[in-house]
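Chains as they are written, first to last, in this note's numbering: chain F, 23 to 260; chain A, 0 to 193.
The beta-carbon is built from N, C-alpha and C at its ideal position, and this holds for glycine as well.
Here the structure is a predicted model, which is why all the values come from computation and not from measurement.
Let me begin by presenting the structure, written as structure tokens, before commenting on it.
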Amino acid sequence: MSTLELRQVSKVYGQGAAVVHALGEVSLEVDAGTMVAVMGPSGSGKSTLLTIAGSLEEPTSGQVLVAGQDLATMSRNDKARLRRQSIGYVFQDFNLLPGLTAAENVALPLELDGVGARKAREAGLRALTDLGLADRAANYPDQLSGGERQRAAIARAVVGDRQLLLADEPSGALDSINSDAVMRMIHAACQRGVAAVVVTHDAQLASWADRVVFIRDGRIVDQTAPAPGPESLLGQDR
Amino acid sequence: MSVRHALLALLSEGPKYGLRLREEFEAGTGEVWPLNIGQVYTTLQRLERDGLVESDGDDERDSPQKRFRITADGSRELANWLRTPPDMSSPPRDELVIKVLVALLVPGTDVHEVIQAHRRYVVELMQQWTRIKEADAGRDLALGLAVDAELFRLDALARWLDAADGRIKRAAAEPPGPARDDLPKLRRKTGATP
Numbered sequence: 023m024s025t026l027e028l029r030q031v032s033k034v035y036g037q038g039a040a041v042v043h044a045l046g047e048v049s050l051e052v053d054a055g056t057m058v059a060v061m062g063p064s065g066s067g068k069s070t071l072l073t074i075a076g077s078l079e080e081p082t083s084g085q086v087l088v089a090g091q092d093l094a095t096m097s098r099n100d101k102a103r104l105r106r107q108s109i110g111y112v113f114q115d116f117n118l119l120p121g122l123t124a125a126e127n128v129a130l131p132l133e134l135d136g137v138g139a140r141k142a143r144e145a146g147l148r149a150l151t152d153l154g155l156a157d158r159a160a161n162y163p164d165q166l167s168g169g170e171r172q173r174a175a176i177a178r179a180v181v182g183d184r185q186l187l188l189a190d191e192p193s194g195a196l197d198s199i200n201s202d203a204v205m206r207m208i209h210a211a212c213q214r215g216v217a218a219v220v221v222t223h224d225a226q227l228a229s230w231a232d233r234v235v236f237i238r239d240g241r242i243v244d245q246t247a248p249a250p251g252p253e254s255l256l257g258q259d260r
Numbered sequence: 000m001s002v003r004h005a006l007l008a009l010l011s012e013g014p015k016y017g018l019r020l021r022e023e024f025e026a027g028t029g030e031v032w033p034l035n036i037g038q039v040y041t042t043l044q045r046l047e048r049d050g051l052v053e054s055d056g057d058d059e060r061d062s063p064q065k066r067f068r069i070t071a072d073g074s075r076e077l078a079n080w081l082r083t084p085p086d087m088s089s090p091p092r093d094e095l096v097i098k099v100l101v102a103l104l105v106p107g108t109d110v111h112e113v114i115q116a117h118r119r120y121v122v123e124l125m126q127q128w129t130r131i132k133e134a135d136a137g138r139d140l141a142l143g144l145a146v147d148a149e150l151f152r153l154d155a156l157a158r159w160l161d162a163a164d165g166r167i168k169r170a171a172a173e174p175p176g177p178a179r180d181d182l183p184k185l186r187r188k189t190g191a192t193p
């Protein structure tokens, strides 16, 4: 069973002359422990795909299954619980709450889910420590650099027992060294069994994924083949 | 890649045998550029002929028995080479660019499909380089730098393909503007015209 499965998902905005087909019959499976990148230009429908996969928006037609559960059959409350417990989101602009410290931001989804404040803080601190931010835990977002803010956002997205990580241009405006660090962290989460979907227009970001899916005008047009080992690039004359 | 100057650089640390030079060359380039031992000896012979390195022992002995050291001229040549930018003034004849330009001329060809075939290949190569970077985790500086160079080069191609994709799509929707006659030089240099 895939952690995330989209079956023939379409999304249409507006009607009549103003109709926009944002997604057309998109099917996609993402297994536990794998990272899939969805690569396409602006306006190709990749962000819509992510919001639908994360149950933040409903498809016009088609099915979305998270951990085998069809989102269409779930109540609003069940979906809200699924979002709090099982899905982590990372956005380009971090979306950290300015009035909370890094540790409080990371602990927030657990607290909203009813975990006791102390336990939530401990789990939050652990997630920050894993991402090398233990000494910044008490800092507020405006006291963190761009790279640190994005690491805190990733800590928040993976804290607790999340199964699905959804990231929209996760390295946004970061330089290449910080981008690498962010992608390394998402990859490490996958190695712990998380399924990740990263949408991006950036080939360097996409190249961290196990599989890259290409999207054009709301449709998946192509995908990369499973990669051969790195040996094929090294020591070619031996 | 100048094997000649790489060998001078390795010899600037002290005298060495050919076999060791080969090992150090490969380690220093993150093993991204393999080098056969024949190439090492041919290059050393030429360097010796040009007075940039010298060897001990008599000339009769085989190269593997000889130890090489850099001369003062060799050190000057190396310092000069390091600071001379390589010639990048004329655009390279890039086969990928040519294929996309030619695809525009062939009736019944879906250029976007051609572009996608190249994009997929470029991204697949980038995935492999990224695996190497990931596995190394920053331990080998030379390897990290060489892999970054390859990733940035391929990334530039991927960006160009994206830009070409968008530009061709827009051109199909809009009629072309009036032709300009002040561009023949660039056209000739890029090899865009037959």
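Under the rule that 16 or more other beta-carbon atoms within 10 Å means buried, what is residue i, buried or exposed?
| i | result |
| --- | --- |
| M207 of chain F | buried |
| Y111 of chain F | buried |
| R260 of chain F | Residue placement at R260 of chain F cannot be trusted, given a pLDDT of 38 that sits under 50; the coordinates are not used to answer. |
| I109 of chain F | buried |
| E80 of chain F | exposed |
| F236 of chain F | buried |
| P120 of chain F | exposed |
| L156 of chain A | buried |
| Q64 of chain A | exposed |
| R138 of chain A | exposed |
| V18 of chain F | Shown here, chain F extends from 23 to 260; a query on residue 18 of chain F therefore has no answer. |
| M125 of chain A | buried |
| A40 of chain F | exposed |
| T41 of chain A | exposed |
Would you say residue i lies against chain F (beta-carbon separation less than 8 angstroms)?
| i | result |
| --- | --- |
| T129 of chain A | yes |
| R138 of chain A | no |
| A170 of chain A | no |
| A157 of chain A | yes |
| G50 of chain A | no |
| R166 of chain A | no |
| P14 of chain A | no |
| R152 of chain A | no |
| E123 of chain A | yes |
| E22 of chain A | no |
| E133 of chain A | yes |
| Q38 of chain A | no |
| Q126 of chain A | yes |
| D55 of chain A | no |
| D161 of chain A | yes |
Rounded to whole angstroms, what's the CA-CA distance from residue i to residue j? Just pull it up for me.
| i | j | result |
| --- | --- | --- |
| T78 of chain F | R98 of chain F | Checking the displayed sequence, the identity of residue 78 of chain F turns out to be Leu instead of Thr. Rounded to the nearest angstrom, the two C-alpha atoms are 11 angstroms apart. |
| A170 of chain A | V99 of chain A | 15 angstroms |
| E123 of chain A | A44 of chain F | 27 angstroms |
| L153 of chain A | E47 of chain A | 37 angstroms |
| V60 of chain F | A75 of chain F | 12 angstroms |
| T83 of chain A | S24 of chain F | 55 angstroms |
| P193 of chain A | A247 of chain F | Here P193 of chain A scores only 43 on pLDDT, less than 50, and its place in the model should not be relied on; the value that follows carries that caveat. Computed Cα separation, rounded: 34 angstroms. |
| E133 of chain A | R75 of chain A | 38 angstroms |
| W159 of chain A | P85 of chain A | 23 angstroms |
| G136 of chain F | D93 of chain A | 59 angstroms |
| H111 of chain A | R45 of chain A | 49 angstroms |
| D109 of chain A | R166 of chain A | 14 angstroms |
| G65 of chain F | D239 of chain F | 7 angstroms |
| I267 of chain F | L150 of chain A | Outside the shown range of chain F, which is 23 to 260, sits residue 267 of chain F, and nothing can be said about it. |
| S89 of chain A | Q107 of chain F | 56 angstroms |
| L71 of chain F | S32 of chain F | 9 angstroms |
| L18 of chain A | L43 of chain A | 12 angstroms |
| D157 of chain F | L130 of chain F | 19 angstroms |
| D49 of chain A | P33 of chain A | 25 angstroms |
| L166 of chain F | D202 of chain F | 18 angstroms |
Considering only residues of the same chain and omitting the five flanking positions on each side of residue i, which have a CB-CB separation below 8 angstroms?
| i | result |
| --- | --- |
| L132 of chain F | K141, A142, A145, G146, V181 and G182 |
| Q30 of chain F | E47, V48, S49, S83, G84 and Q85 |
| S69 of chain F | D190 and V221 |
| D115 of chain F | G194 |
Determine, using beta carbons only, whether residue i comes closer than 8 angstroms to chain A.
| i | result |
| --- | --- |
| H43 of chain F | no |
| A247 of chain F | yes |
| D100 of chain F | no |
| D197 of chain F | no |
| D244 of chain F | yes |
| V180 of chain F | no |
| V234 of chain F | yes |
I'd like the list of long-range same chain contacts for residue i, defined as Cβ closer than 6 angstroms, with 5 residues on each side in sequence excluded.
| i | result |
| --- | --- |
| A189 of chain F | V112 and V220 |
| A54 of chain F | T25, G215 and A217 |
| G27 of chain A | A141 |
| I242 of chain F | V48 and V235 |
Tell me which same chain residues have a C-beta within less than 7 angstroms of the C-beta of residue i, skipping the five on either side of it?
| i | result |
| --- | --- |
| K101 of chain F | S77 and L93 |
| Interface residues of the region 50 to 63 of chain F facing chain A [CB-CB below 8 angstroms] | Taking 8 angstroms as the Cβ-Cβ cut-off, the region 50 to 63 of chain F approaches chain A at M61 and P63, given in chain order.
| request: Can you give me, in chain order, the residues of the region 216 to 230 of chain F that have a beta carbon less than 9 angstroms from any beta carbon in chain A? | output: Within the region 216 to 230 of chain F, H223, D224, A225, Q226, A228, S229 and W230 place their CB atoms closer than 9 angstroms to a CB of chain A, listed in sequence order.
| said: Using a Cβ-Cβ cutoff of 8 angstroms, what residues of the region 94 to 120 of chain A are near chain F? List them in chain order. | reply: Residues passing the 8 angstroms Cβ filter: H111, Q115, R118 and R119.
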